[in-house]
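Novice:
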Amino acid sequence: MLIQATNKLRDELNLEELEQKERPSLFSWHANFFRLNRRKTVVLVNDATDYTVILYGMKKNGFNNFQERVKLGIRMAFEREGIKASLIEKYLNQFEDFCYQKAKDRSHIARMNNSCKFAKRFADRFNENEIYQSRIAKKVNNMPRKNDNKDYFYPDEFLQQKLAEYFGEEDIIQTKAAVLKVELELGEYQAWRKVIVPLNYTFRELHNILQQLYNWQDYHLHDFFIYSKEKDATKNWNHDEYHKDGYKAILSLAMNQENFEYNRDQLNFAAEDFEQAVENEVKLKDVLPARIKYIYDYGDNWHHYLETVEIIDDYNKNTPSFLEGEGTAPPEDVGGFSEFMRIISNPDDEEYESMVEWAESQRFEEYNPEIIKTDLRLYVN
Numbered sequence: 001m002l003i004q005a006t007n008k009l010r011d012e013l014n015l016e017e018l019e020q021k022e023r024p025s026l027f028s029w030h031a032n033f034f035r036l037n038r039r040k041t042v043v044l045v046n047d048a049t050d051y052t053v054i055l056y057g058m059k060k061n062g063f064n065n066f067q068e069r070v071k072l073g074i075r076m077a078f079e080r081e082g083i084k085a086s087l088i089e090k091y092l093n094q095f096e097d098f099c100y101q102k103a104k105d106r107s108h109i110a111r112m113n114n115s116c117k118f119a120k121r122f123a124d125r126f127n128e129n130e131i132y133q134s135r136i137a138k139k140v141n142n143m144p145r146k147n148d149n150k151d152y153f154y155p156d157e158f159l160q161q162k163l164a165e166y167f168g169e170e171d172i173i174q175t176k177a178a179v180l181k182v183e184l185e186l187g188e189y190q191a192w193r194k195v196i197v198p199l200n201y202t203f204r205e206l207h208n209i210l211q212q213l214y215n216w217q218d219y220h221l222h223d224f225f226i227y228s229k230e231k232d233a234t235k236n237w238n239h240d241e242y243h244k245d246g247y248k249a250i251l252s253l254a255m256n257q258e259n260f261e262y263n264r265d266q267l268n269f270a271a272e273d274f275e276q277a278v279e280n281e282v283k284l285k286d287v288l289p290a291r292i293k294y295i296y297d298y299g300d301n302w303h304h305y306l307e308t309v310e311i312i313d314d315y316n317k318n319t320p321s322f323l324e325g326e327g328t329a330p331p332e333d334v335g336g337f338s339e340f341m342r343i344i345s346n347p348d349d350e351e352y353e354s355m356v357e358w359a360e361s362q363r364f365e366e367y368n369p370e371i372i373k374t375d376l377r378l379y380v381n
């Protein structure tokens with residue numbers, strides 16, 4: 001494995017002697033050091049694919065054990081992509097021959113700087129408690145690049161292609177996933193969706209998927225609740241943690257640290273017998289097949305109930321897949337959905353035209369599975 005380090009990174013690593021060795025471009029990385037949010041950050045960019053790995057909040061011990069930090073960072077990023085375990089091990093075996101060189105190729109340095117620029121766009125989304133920012137790297141690797149022929153490519157897809165070519169394997173992706181059925185409570189109406197989601201996705205990513213499934217615009221606050229198989233007769237619909245079938249809440253997931261503290265202190269969640277966490281710190285594999293409730297918009301108070309239909313052990317994608325569904329979802333800030341549907345379905349109603357105009361301003365759409373599939377595809381890319 002070859003790391004071609006910038007001057008700043010070489011200074012941070014106290015590198016004096018550099019080896020003049022060549023490595024296949026798939027096993028060669030350009031690496032830069034800078035501060036982001038006042039934290040020491042290293043961005044590594046693969047020479048063959050522009051695939052990016054991010055190390056954040058590095059301390060002295062991390063730089064003293066830089067080889068192991070890089071190795072674990074690549075492992076976690078590849079796992080996040082859903083690359084099968086045996087192939088990850090084959091790739092990481094190259095670390096037995098690890099060396100440094102000076103970053104000097106202008107083209108590769110420019111591409112590395114481009115990845116650093118992309119990473120900085122997400123500065124407010126970095127997890128302060130993690131060194132290995134695989135979620136941010138996933139976003140960076142989903143952003144299109146131009147190759148020398150001015151053709152566009154995606155680093156994550158290009159990595160899969162290059163790994164397949166080098167190791168002579170066709171099935172690169174192999175991960176576990178869940179088939180989830182989501183039901184939005186709408187009284188006399190129904191709007192349900194069925195979707196496959198990789199188990200290594202966080203609840204923040206599940207939130208983003210649910211927004212696409214129901215054409216929400218992410219204008220409002222949200223929370224998740226996770227339930228055990230036990231029943232809890234002490235709760236009713238006035239409690240956020242209440243489940244329509246009476247199940248007992250065991251975990252509350254807030255959308256961010258600020259909401260976590262508000263729920264704990266102002267809503268007195270600290271006195272409840274369920275745990276609390278922040279959604280980007282918990283993955284689906286940590287809780288499924290438990291029942292889930294997703295609350296969106298505490299004004300209209302939309303409750304979505306999620307159940308695990310099936311666990312897939314050999315899912316061959318690293319992205320969600322929409323399967324089927326039924327029913328139109330409400331537009332944002334609708335207030336009374338029944339009244340809205342009554343008017344919107346009757347062209348003779350005196351409020352029909354104004355309601356149609358308002359609905360368009362809210363990006364309202366009738367249920368359309370093809371639009372949902374497209375929206376999900378845009379979300380992951």
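Residues 1 to 381 in UniProt numbering are what the sequence shown lists, from first letter to last.
Idealized CB from N, CA, C, for every residue including glycine.
Just grab the DSSP bridge partners of I295 for me.
Specialist: Translated into the one-based positions of the sequence shown, residue 295 becomes position 295. Answer is D223 and H303, bridged to I295.
Novice: Can you tell me which of the three DSSP states Y100 falls into?
Specialist: Reading the sequence shown from its first residue, position 100 is the one you call residue 100. The answer is strand: DSSP assigns Y100 an E or B state.
Novice: May I have the straight-line CA-CA distance separating T234 from Q276, to the nearest angstrom?
Specialist: By 1-based counting over the sequence shown, the position of residue 234 is 234. By 1-based counting over the sequence shown, the position of residue 276 is 276. The straight-line gap from Cα to Cα measures roughly 19 Å.
Novice: Round the Cβ separation of N263 and R204 to the nearest angstrom and send it over; I've been treating them as touching at under 8 Å.
Specialist: To locate residue 263, count along the sequence shown from 1; it is residue 263. To locate residue 204, count along the sequence shown from 1; it is residue 204. The pair is not a contact, with the Cβ atoms about 16 Å apart (cut-off 8 Å).
Novice: By alpha-carbon positions, which one of N346, V182 and S252 ends up nearest to residue 433?
Specialist: Absent from the structure is residue 433, since the part of the chain shown begins at 1 and ends at 381.
Novice: If we count the other Cβ atoms within 10 Å of its Cβ and call it buried at 16 or more, is L18 buried or exposed?
Specialist: To locate residue 18, count along the sequence shown from 1; it is residue 18. L18 comes out exposed.
Novice: Note down the Cα distance separating I131 from R39, rounded to an integer number of angstroms.
Specialist: What you label residue 131 is simply residue 131 of the sequence shown in a count that begins at 1. What you label residue 39 is simply residue 39 of the sequence shown in a count that begins at 1. For I131 and R39, the distance between alpha carbons rounds to 10 Å.
Novice: Given a cut-off of 8 Å on the beta-carbon distance, is the pair A31 and I3 in contact?
Specialist: Reading the sequence shown from its first residue, position 31 is the one you call residue 31. Reading the sequence shown from its first residue, position 3 is the one you call residue 3. Cβ atoms of A31 and I3: closer than 8 Å.
Novice: Would you list the one or two residues that DSSP bridges to F33?
Specialist: Locating residue 33 in the sequence shown gives position 33, where the first residue counts as 1. Answer is V42.
Novice: Is it true that the CB of Q133 sits closer than 8 Å to the CB of I83?
Specialist: Counting from one through the sequence shown, the residue named residue 83 turns up at place 83. Counting from one through the sequence shown, the residue named residue 133 turns up at place 133. Against a cut-off of 8 Å, the Cβ pair of Q133 and I83 comes out as no contact.
Novice: How should T374 be labelled, buried or exposed, when 16 other C-beta atoms within 10 angstroms of its C-beta is the threshold for buried?
Specialist: For the purposes of this step, residue 374 is taken as the residue at position 374 of the sequence shown. T374 comes out exposed.
Novice: Could you pull the DSSP bridge partners for W192 from this structure?
Specialist: Here residue 192 refers to the residue found at position 192 of the sequence shown. Answer is E183 and E326, bridged to W192.
Novice: Using the three-state DSSP reduction, which class does K146 fall into: helix, strand or coil?
Specialist: Working through the sequence shown from its first residue, we reach residue 146 at position 146. The answer is strand: DSSP assigns K146 an E or B state.
Novice: How do the segment 172 to 191 and the segment 292 to 308 stand: do at least 3 beta-carbon pairs fall below 8 Å, yes or no?
Specialist: Segments in contact, yes.
Novice: If T49 and F167 are in contact, beta carbons under 8 Å, what's the gap, nearest whole angstrom?
Specialist: Residue 49 sits at position 49 when you count from the first residue of the sequence shown. Residue 167 sits at position 167 when you count from the first residue of the sequence shown. 14 Å between Cβ atoms; not a contact.
Novice: Can you grab the Cα-Cα spacing for the pair R80 / V70, in whole Å?
Specialist: Position 80 of the sequence shown, counting from 1, holds the residue named residue 80. Position 70 of the sequence shown, counting from 1, holds the residue named residue 70. Rounded to the nearest angstrom, the two C-alpha atoms are 15 Å apart.
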